[in-house]
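Notes follow the structure.
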Amino acid sequence: MLTVGEVARASGLTAKALRHYDRVGLLVPAQVDAATGYRRYRADQVPFATLVRVLRDLGVPLDQIKGLGCEPDASLVAELLRAHRIRLEAELTDVQLKLHGTDHVIAKGWQSMAAPASSVGVLDSETERALAKGLFNDVWALLEKPDRSADDDARMLHMAHASCLHWARVGTAANVVRGEWQCSRVYATLRRFEPALFHAQRALEICEANGLADFDLAFCYEALARAYAVGGDVEEAKLWAERAREVPIIEDDDRELLLTDVDSIGL
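Structure (structure tokens):
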């Protein structure tokens, strides 16, 4: 059995942190002396204590670490870190926008920060839905265009994001999943691995959070397979492609489309 000090030295945590993690039920000692209150830990608790220290150093919230359990496998930790990375990217974008605004106020004065007009805000839902659908279809037209120019590629990318934004405002969860999926497809077509993977993962997260299955779930897996293929990770791509093929799809036409798309990855 190890003392608090020994566990602290072995894991990199402080004794104060260990006491706190005991109180919140994250890292509970194996024994507590009834008379002295001294805590004792098993040696096999040290790896989890070390993991807690690493995750806390990265800023992962305690409640999410608790959700891993005391003996998490590597896939759970990786999934947690992927979700945490997405949150950090969002926070970074927010900070960058604030820095830009701060520089603007320093240079121009606070009077320059008038309330911005938003043409998007005055759109009625029917118009916005029509925009989302029209942009989505226009992206497909460019994806299928054999002689796209660099300007076409840029326009296709902007339209995919615009369509996804409008769906997020007025569409269903399925619409948003398909918007994120299309963003991933565009980036994969442009051989941009990281954003292709980001939007594929986001599509899957929204799909799972809303209990979507069938066609939408299968295509989330297909998007992940395509993204990993672009990144050169053939084994991971094959894994997701196989998962896509295994999803039960009710409509024969939808299943045929899914299989054709998966085969087009060229694994």
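Just so we're aligned, residue 94 is where the sequence shown starts under the numbering used here, counting upward by one.
For glycine and all other residues, C-beta sits at the position ideal for the given N, C-alpha and C.
With a 10 Å radius around its C-beta and 16 neighbouring C-beta atoms as the bar for buried, classify residue i as buried or exposed.
| i | result |
| --- | --- |
| D309 | buried |
| S212 | In this prediction, S212 has a pLDDT of 49, which is less than 50 and means its spatial position is unreliable; what the coordinates show is noted afterwards. When all chains shown are included, S212 counts as exposed. |
| E315 | buried |
| C300 | buried |
| G264 | buried |
| S357 | exposed |
| N268 | buried |
| A167 | exposed |
| W233 | exposed |
| Q204 | exposed |
| A364 | Outside the modelled stretch of the chain, which goes from 94 to 360, sits residue 364, for which no answer is possible. |
| V145 | buried |
| Q189 | exposed |
| V355 | buried |
| L192 | exposed |
| L106 | buried |
| R112 | exposed |
Could you say which of the options lies nearest to residue i if we only look at CA atoms?
| i | options | result |
| --- | --- | --- |
| I179 | Y131, V153, V97, E301 | V153 |
| L216 | R262, R336, L283 | R262 |
| V170 | D196, T143, Q189, L192 | T143 |
| G359 | D345, D346, E328, E287 | E328 |
| F286 | D231, L148, D356, A320 | A320 |
| C163 | A123, E298, Y131, A296 | A123 |
| T220 | R135, H193, V121, W260 | W260 |
| Y389 | A281, L95, V139 | For the chain, the structure presents residues 94 to 360; residue 389 sits outside this window and is missing. |
| A266 | P288, L283, V279, L297 | L297 |
| A322 | L190, L283, L181 | L283 |
| A110 | V147, A127, F229 | V147 |
| A311 | R135, L332, G325 | L332 |
| G227 | S242, D244, S104, M249 | M249 |
| F291 | D126, F229, Q157, H177 | H177 |
| V410 | R149, K159, L181 | The requested residue 410 does not occur in the structure, where the chain is confined to residues 94 to 360. |
| R175 | D150, R295, G325 | R295 |
Using a Cβ-Cβ cutoff of less than 7 Å, which residues in the same chain neighbour residue i once the five nearest sequence positions on both sides are dropped?
| i | result |
| --- | --- |
| L155 | V117, L119 |
| A108 | V97, G98, A101 |
| R336 | Y314 |
| S218 | V263 |
| D246 | L283 |
| S104 | V139, A142, T143, R146 |
| R135 | M94, A123 |
Please return the same chain residues whose Cβ sits closer than 6 Å to the Cβ of residue i, not counting the five positions on each side in sequence.
| i | result |
| --- | --- |
| A293 | S277, A316, L317, A320 |
| L224 | H259 |
| A289 | S277, Y280, A281, A320, V323 |
| E237 | none |
| R348 | I342 |
| V125 | R132 |
Could you name the residues of the same chain whose beta carbon sits closer than 8 Å to that of residue i, not counting the 5 residues immediately before and after it, in chain order?
| i | result |
| --- | --- |
| D240 | none |
At 4 residues or longer, and completely inside the stretch 161–229: list those alpha helix (DSSP H) runs for me, N to C. Scanning the stretch 161–229 from its first residue to its last, the whole alpha helix (DSSP H) runs of 4-plus residues come out as 167–201.
Could you check whether the stretch 239–253 touches the stretch 270–283, counting it as contact only if at least three pairs of C-beta atoms, one from each stretch, sit closer than 8 Å? yes
Is the stretch 300–315 in contact with the stretch 334–351, if contact means three or more CB pairs nearer than 8 Å? Result yes; three or more Cβ-Cβ pairs closer than 8 Å.
Hey, which unbroken runs of the alpha helix (DSSP H) at 4 residues or more fall wholly within the stretch 258–292? Fully enclosed alpha helix (DSSP H) runs of 4 or longer: 266–282.
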